[in-house]
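Let me begin by presenting the structure, written as structure tokens, before commenting on it.
Residue numbers (my numbering): 7 to 221.
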């Protein structure tokens, strides 16, 4: 029997006039889940629910047995986030960001971090603010590799990027699953990206969400 890494037990949320409806979903470990839906359907909200960001969320979400709302410190150590939002110390380089962030991650591996910076061709001596959008996405993968989260959440990572880079980035995600045994959830409105790499699809429409296996 496959190990279940994410359990969603009737998790629901009301945000003003918009709401995420309750659902029961089990996601097995070591697969890529594509979260698809139109803009405004609730994809990003579901990712934030998985991070335990809503105290008023109804129901429960567990990642590796940890309640995402009640165990936020542990959730931070076992989940990673990749998006086009720039949340690091952008005026500093990769090494200074490591110095500032590493103490907050109990499994931080400096050797792995530096290896991935090299493998992904990231100029570690430049400030993060001077990296291109594509380079910054790869940097976030190197950062995640340093503490090996069990679950990696990606929010529209390839939007507005050229097809060649997108294909390269998707291949890197597949390599991450194979090398680190991660589970990846990627929210995107680009159906072609999902069709290339997803093992499962989470359909989101007007706050309703369901999971199906790709055939």
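Just so it is clear, CB atoms sit at the ideal spot from N, CA and C, and this is done for glycine as well.
Closest by C-alpha distance to residue 192, out of 40, 182, 24, 209, is 40. When secondary structure is reduced to three states using DSSP, residue 79 falls in the helix class. In the DSSP assignment, residue 192 is bridged to 40, 160.
Scanning its chain for C-beta atoms nearer than 7 Å, with the 5 sequence neighbours on each side dropped, one finds around residue 111 the residues 83, 153, in chain order. A check of alpha carbon separations from residue 50 across 103, 203, 25 identifies 25 as the nearest. By the criterion of a C-beta distance shorter than 6 Å, residue 23 is surrounded by no residue of its chain, once the five residues flanking it on both sides are discounted. In this structure, DSSP gives residue 155 a state outside helix and strand, which the three-state scheme calls coil.
Residue 46 and residue 206 have their alpha carbons spaced roughly 21 Å apart.
DSSP places residue 24 inside the beta strand (DSSP E), whose first and last residues are 24-26. The C-alpha of residue 120 is placed about 8 Å away from the C-alpha of residue 148.
Looking at 137, 75, 68, 81, the one whose alpha-carbon comes closest to that of residue 98 is 137. For residue 20, the uninterrupted beta strand (DSSP E) segment begins and ends at 10-21.
Inclusion of residue 10 and residue 28 in the CB contact set at 8 Å is not warranted, their separation being larger than that value. Restricted to the stretch 104-140, the alpha helix (DSSP H) segments that are unbroken, complete and at least 4 residues in length are 116-125, listed in chain order. At the C-beta level, residue 104 and residue 116 come within 8 Å of one another. For residue 209, the enclosing beta strand (DSSP E) begins and ends at 206-211.
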